[in-house]
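Protein chains in written order, with the UniProt record's numbering: chain A, 1 to 506; chain B, 1 to 324; chain C, 1 to 349.
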Amino acid sequence: MPSDQPFIQLAGVTKSFQGIRALENVAFACRKGSIHAILGENGAGKSTLIKIMSGVLAADSGEMRVEGRPVRFSTPAEAAKTGIVCIFQELSLVPDLSVADNIMLADPPKRFGMIDRRRQRRRAEELLARIRCEDIDPDALVRQLSLSRRQMVEIAKALGQEPRLLILDEATSALTSRDVQTVYDLLAELKEQDVACLFISHRMHEVEALCDTLSVFRNGRHIETFAKGEKSDREIVHLMIGRDVETQFPPRPEPRRREPLLEVKNLRWENRLKGIDLSVGRGEIVGLGGLDGQGQKELLLALFGVLRQVEGTVKVGGMEGVPASPAAARSARTRIALVPEDRKTEGLMLQLPIADNLLASAFARVSSGPFIDRAKAETAISAAIEKLRIRLGSPRDIVATLSGGNQQKVVIAKWLMVEPDLILLNDPTRGIDVGTKQEIYRLMRDLAEEGKAVLFYSSDYAELIGCCDRVSVMYDGRVVAELEGEGITEEAIVAASLNIAPEAAA
Amino acid sequence: MTASAITRAIARIREEERPVLIAAGFVLVILIIGTAYTMLTQGTAPLLSPNYLLQQLQTGAFLGICAAGMMVVILLGHIDLSIPWTLTTAAMMATAVGGEMAIPTGIAVGLAVGLFNGFGAAVLRIPSMIFTLGVDSVLRGLMVFHTGGFAPQTDATPLMRFLASGRVLGIPSAVFVWALVSVVIAVMLSRTAFGRAIYATGSREAAAYLSGIRTRLVIIGAFVCSGVCAAIAGILLAGYATQAYQGMGNIFLLPSIAAVVLGGTHILGGRGRYIGTLVGVILIVLLNSVLSMMQMPEAVRQIIYGAVIIAMLLVYGRNSKVTF
Amino acid sequence: MRLAKRLHSAALRNRAFLGALLLFAVFYLVYHMLHPRGFSSAVLIQNTNESVAIVFVAMAQTLPVLTGGLDLSVGAVMTLTNCIASELLTGTPAEMLFGALLTLACGAAFGCVNGLIVVYGRIQPIITTLATGAVAIGLALLIRPRPGGEVDDDLSWAMTNTVFDFAETYGLAEGGEAAWLQPFAAIPVPLLIVLAVVLFIWLPFRNTQMGRTVYAVGSAEGAAYMSGLPVERAKIAAFTLAGLFAACAGLYLAIQTSSGNADVTQAGAYTLNSIAAVVLGGTSLYGGVGGAIGSLVGALILRVISFYFRILAIDPLLQPLIEGVVLLGAVSLGALRTLRVKNRLELFR
């Protein structure tokens, strides 16, 4: 039967980034007229997969076929010509152009070689009407729209390209419930028109409601594909977490009450933090759980003095108030360190030597007067390299030459030089190899034993379970659950992350 | 040494040093071509005489000092377009005040302008390109108004003249001033916390800020360096010409940017060594002097000048990987 | 109702441009009121003549700036084309027309080379154009080592006066006496030239896919690429058009002064003023926002300020000071947004 031929089919697709396998030997297919969910934890390879399908990335090896014909895309434009259109998580809208301009960006209607604004506007209005967004002014600049409206414009833009395979990457994450319903209806309509849809979402109930086929990915591998209803939620969660890869975590000490070093009450900032209560004791590792983008980053930045106009009470080492700046956080009586989210743009000066990166926070400690004391600096650098076992050629090489894991060690070593009391970690093991991960877990526990307080956000639930004394799970700018000791289980974290009652996942 | 050994030797040279070596090689090429030319036409080799070279260094000192300050700012990924009139203002104020206070006054002018530029770039976060352009215009306005549009009648003090045109041990004292500025900037960049913070901020301001570096102060400090350097160049130039005059700084702006970039400093900041700027200045000074020795018309000199910049940057670019 | 809403949102979006326009309108009206021969055709002609070159150079600068770059060679290209034009604008009308077109083509070609070096040589626009600017000045000096030129006098007269004078010079429309010409007779020709370039080059370009790509590249290069836009060609087009507009300035300067002059200082001053005009006209130096019409108004503001010195008893020596203060004030207003940023990390992007 012709309709049984998959619209797109991948075989043996492999992709690595700097030695880290993001996708390994993936075989995958998606039928026309199907709404196909891709499930997996953060970093399971879902994003890489769709980027390859939509021409943003090229696979290292493997084959891709569209309706039986082999294809190879070198730009997103080529993929779009074949009918593969992706709605990306990071928006692909141009903020300084109007909504109508953006919707028709790739192929605007023309008259005498010039863009026909009237027709473009009409077409944009039609598309917006189709997704019930008549309230969006086609002449407004995208810059002026809220995140959820932009997401809808992005959907309209994708629709305008008349997709035959529509990929939605967390496309509903920023939407209001009314818009979510609209998108549901739209997908059903597209299904009728034999369009294939790939749907990536962390929200289980959405997947339940929408999709007919589910595929689970884990650690860059395609684990299983099955029809909806074949497996229970519990089995799906089990597949996503996977028991076969067990990481070794250092043993956790007996839980006990500790003297709090950091106390946060009702912390608010803009509309991202909506009243957070939290405490971290000396010698304690507290995990921050939850899906990406629930305010975890903002919380860490607020505690580090990066955000302006933070409201609420924060006590650090008995002192009231958040530091005024990272420089203040570094040099206060109770010192705070932050290992930021994006190693390459926030953690490191990639083009500078390793030595300079290591010393960036601690110049004052290795200087006498205005001059850097070379002997002191050398000692500090070799001590840091030794302590974190950073594998490198020479400290004078630029830091970009290191592997991801060693780069992350440089970021951590940089901060250990100032002997911080409170260490904030923003997903420090993202995209690094297992060996280094385990070293980092060991290091965190050692630091805690030394009496330091560690606040640790991770997108990997296994880490939270393995490393933390307590876990605070965040959802929509609030802490929705506090788990402790034996209560820290996968089921509990996953359930709290999706903000559903534990029974649903258990 | 075989060819492959040479290739391997070149490959071992660190990427950062490569532009410096290429530029230094080009300096040699200029000297060779210039000497060959004079040998053929006059049968002499004035280019290689120490006296001639010292004279070139003396005239190069003004540009060299401007470029030193400009480099500090460019390392941050900023730029200082106010150098021409900072230089002129410092010179005019120094000669106007006269006496012992002449030089301190001039330097104070540079300091004040640098602080203001830094405020605009670091606190208001106005692109330095446009802010320093405005400051340049304001300074020009102030000076034109102050002098009535004529060359000021006040003269440079004897000390200023000595620093610019005098000789110590047969070496022009301006060269000593340039050397002193060079040592200060080079040591500052490589050996002080402030210097390293400049590289860090220029390389990735967000990462530097999150490392606890006070990036605003670093930016302001860099603009102060630039302002003070321009002021020193202005004081020297006024001493050299015995007077300050309108537009005396105009010819230094673009060559100082070119010298910094030819020396391998990245225009977007974060990378570059002071030695490169030094070589870049010498390259430009020698190129100018050889071209004028060949009696090239100004027109051809300009064309060669532009072509050399593009060609050298294309060569640098081919060797280094593209990084974002 | 709906129209009103759209106008309102358009006005909000173009705040910077409308501010500049208002500033210019007020300045210029007051100027005429203060001028002893205000609101007369003679004054208008003089003013437009003095503004054309800077207007074109400012429009030229706009395009590279919209892509997030900068062109330090616009003044030099103007000077180069000025010198080329001063050689070519003689002979029969056909020869002069050909000369004018050749001048414009030279400017566009020069800009195109800039774009090619930026895109394929991967050298920063500011450094590229700094170097090619020197080359342009050198070529200008080669063509015209001393100021001078053989520009046709009739052409010069006709192009720098009113429509009536133009018609009279060339014996068109019954020597300018035709009834249908009378409503336009007093309009200065230079004003029409600027209008023509805006209407027939800038506006059409802005409305092509290429023009839109120029904006998209400056606003979010990654998103532009993701959406399949011709990013590299748009950058080259921007520099080419910059060369063309700079050539318009050079050509007009040759006609206006009947000569060519390879003046290095003048070239530098025009380049720097073009950046100031672009910013005053509401184009963001980070790219993606603004337009050539804004820069046109920005250039006019700079010019009107200078007109005041002539008619008021202000010391003309204050002129550069006031220009600088206006520029600093205008850009500082735009800086107020940094005070509202709540996440300091956003300041670094």
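Ideal Cβ placement from N, Cα and C applies to all residues, glycine included. Values in this document were obtained by computation on a predicted structure and should not be read as measured data.
Taking the alpha-carbon of Asp135 (chain A) as reference, which of A:Gly275, A:Ala302, A:Asp179 and A:Lys228 has the nearest alpha-carbon?
Looking at A:Gly275, A:Ala302, A:Asp179 and A:Lys228, the one whose alpha-carbon comes closest to that of Asp135 (chain A) is A:Asp179.
Count the other CB atoms, across all protein chains shown, that sit within 10 Å of the CB of Ala178 (chain C); report buried if there are 16 or more and exposed otherwise.
Within a 10 Å sphere around the beta-carbon of Ala178 (chain C) sit fewer than 16 other beta-carbons, which makes this residue exposed.
Check whether the region 160-168 of chain C and the region 3-14 of chain C touch, using three or more Cβ-Cβ pairs below 8 Å as the test.
When Cβ pairs closer than 8 Å are counted between the two stretches, the region 160-168 of chain C is seen not to touch the region 3-14 of chain C, the count staying below three.
Beta carbons nearer than 9 Å to chain C: which residues of the region 118-141 of chain B have them?
Within the region 118-141 of chain B, the qualifying residues are Gly120, Val123, Leu124, Arg125, Ile126, Pro127, Met129, Ile130, Phe131, Leu133, Gly134, Val135, Asp136, Ser137, Val138, Leu139, Arg140 and Gly141.
Is the CB of Glu230 (chain A) under 8 Å away from at least one CB in chain C?
For Glu230 (chain A), the answer is no, since every Cβ of chain C falls outside 8 Å of its Cβ.
Taking 8 Å as the CB-CB cut-off, is Tyr305 (chain B) touching chain C?
It does; some Cβ of chain C falls within 8 Å.
If you draw a straight line from the C-alpha of Tyr199 (chain B) to the C-alpha of Phe309 (chain C), how long is it?
Going from the Cα of Tyr199 (chain B) to the Cα of Phe309 (chain C) covers about 45 Å.
Can you give, in chain order, each stretch of the alpha helix (DSSP H) that sits fully within the region 143-196 of chain B and has at least 4 residues?
Taking 4 residues as the minimum length, the alpha helix (DSSP H) runs contained wholly in the region 143-196 of chain B are 158-165 and 173-191, in order along the chain.
With a cut-off of 8 Å on the beta carbons, I'd call Val297 (chain C) and Leu80 (chain C) a contact; round off their distance for me.
Rounded, the Cβ-Cβ distance is 26 Å, inconsistent with contact.
So that I know if they touch, is there some Cβ in chain C lying closer than 8 Å to that of Gln302 (chain B)?
Judged by the 8 Å Cβ criterion, Gln302 (chain B) is in contact with chain C.
Could you tell me whether the Cβ of Thr162 (chain C) comes closer than 8 Å to any Cβ of chain B?
At a cut-off of 8 Å between beta carbons, Thr162 (chain C) makes no contact with chain B.
CB of Pro76 (chain A) within 8 Å of CB of Val56 (chain A), strictly
For the 8 Å CB-CB criterion, Pro76 (chain A) and Val56 (chain A) form a contact.
Sheet register partners of His35 (chain C) (DSSP bridge)
Note: His35 (chain C) is not bridge-paired with any residue in the DSSP secondary-structure output.
When the Cβ atoms of the region 215-234 of chain B are set against those of the region 111-118 of chain B, are three or more pairs found closer than 8 Å?
Short answer: they touch.
Own chain residues within Cβ distance below 6 Å of Thr62 (chain C), not counting five before or after:
For Thr62 (chain C), where only same-chain residues beyond five positions count, the Cβ hits under 6 Å are Val278, Thr283, Ala292 and Ser295.
Does the beta carbon of Leu338 (chain A) sit closer than 8 Å to a beta carbon anywhere in chain B?
Yes, because at least one Cβ of chain B sits closer than 8 Å to the Cβ of Leu338 (chain A).
I'd like the span of the beta strand (DSSP E) that includes Met474 (chain A), first residue to last.
Met474 (chain A) -> beta strand (DSSP E) spans Arg470 to Tyr475.
Roughly how many angstroms lie between the CA atoms of Val410 (chain A) and Ser368 (chain A), to the nearest whole one?
About 24 Å.
Taking the alpha-carbon of residue 511 (chain A) as reference, which of A:Lys265, A:Met417 and A:Ser458 has the nearest alpha-carbon?
Since the first and last residues shown for chain A are 1 and 506, residue 511 (chain A) lies out of range.
Please confirm whether Gly138 (chain C) has its beta-carbon closer than 8 Å to some beta-carbon of chain B.
Using a CB distance cut-off of 8 Å, Gly138 (chain C) counts as an interface residue toward chain B.
Excluding sequence positions up to five away, which residues of its chain have a Cβ less than 7 Å from the Cβ of Cys468 (chain A)?
Apart from sequence neighbours up to five positions away, the residues of its chain that approach Cys468 (chain A) with a beta-carbon distance below 7 Å are Ile285, Val286, Gly287, Phe456 and Ile488, ordered along the chain.
Interface flag, Gly77 (chain B) vs chain A, CB-CB below 8 Å:
Nearest CB-CB separation between Gly77 (chain B) and chain A: not below the 8 Å threshold.
Beta-carbon of Phe110 (chain C) versus every beta-carbon of chain B: anything under 8 Å?
Not a single C-beta of chain B is nearer than 8 Å to the C-beta of Phe110 (chain C).
Can you list the alpha helix (DSSP H) stretches of 4 or more residues lying completely in the region 76-140 of chain A, in chain order?
Given a length threshold of 4 residues, each whole run of the alpha helix (DSSP H) inside the region 76-140 of chain A is given here in chain order: 76-81, 99-103 and 117-130.
Please tell me whether Val118 (chain C) and Pro125 (chain C) are closer than 8 Å, where the distance is taken between their beta carbons.
When the beta-carbon positions are compared, Val118 (chain C) and Pro125 (chain C) come within less than 8 Å of each other.
In angstroms with no decimal places, state the Cα-to-Cα distance between Asp154 (chain C) and Ala237 (chain C).
So the alpha carbons of these two residues sit roughly 35 Å apart.
Is Asp96 (chain A) close to chain C? Criterion is C-beta to C-beta, closer than 8 Å.
Answer yes: the Cβ-Cβ gap between Asp96 (chain A) and chain C drops below 8 Å somewhere.
Quick check: the Cα distance between Leu166 (chain A) and Val153 (chain A), rounded to an integer number of angstroms?
Roughly 15 Å between the two C-alpha positions.
Based on the DSSP output, what are the partners of Tyr457 (chain A) in its beta bridges?
Bridge partners of Tyr457 (chain A): A:Leu288 and A:Asn426.
Which runs of the alpha helix (DSSP H) fall wholly inside the region 31-77 of chain C and span at least 4 residues, in chain order?
Whole alpha helix (DSSP H) segments, 4+ residues: 41-66.
CA-CA distance, Ile187 (chain C) and Ser40 (chain C)?
The straight-line gap separating the alpha-carbon atoms of Ile187 (chain C) and Ser40 (chain C) is approximately 11 Å.
Exposure of Pro420 (chain A), with buried meaning 16 or more beta-carbon neighbours within 10 Å
Under this definition Pro420 (chain A) is a buried residue.
Run of the beta strand (DSSP E) containing Gly107 (chain C), from where it starts to where it stops:
For Gly107 (chain C), there is no enclosing beta strand (DSSP E); the enclosing alpha helix (DSSP H) has its first and last residue at Pro93 to Tyr120.
Where Asn406 (chain A) falls: helix, strand or coil (DSSP):
Correct three-state label for Asn406 (chain A): helix.
Under 8 Å between C-beta atoms, does Ile275 (chain C) make it to chain B?
Taking Cβ atoms only, chain B reaches closer than 8 Å to Ile275 (chain C), which makes this a yes.
Per DSSP, what kind of secondary structure is Pro188 (chain C) in: helix, strand or coil?
Pro188 (chain C): strand per DSSP, three-state reduction.
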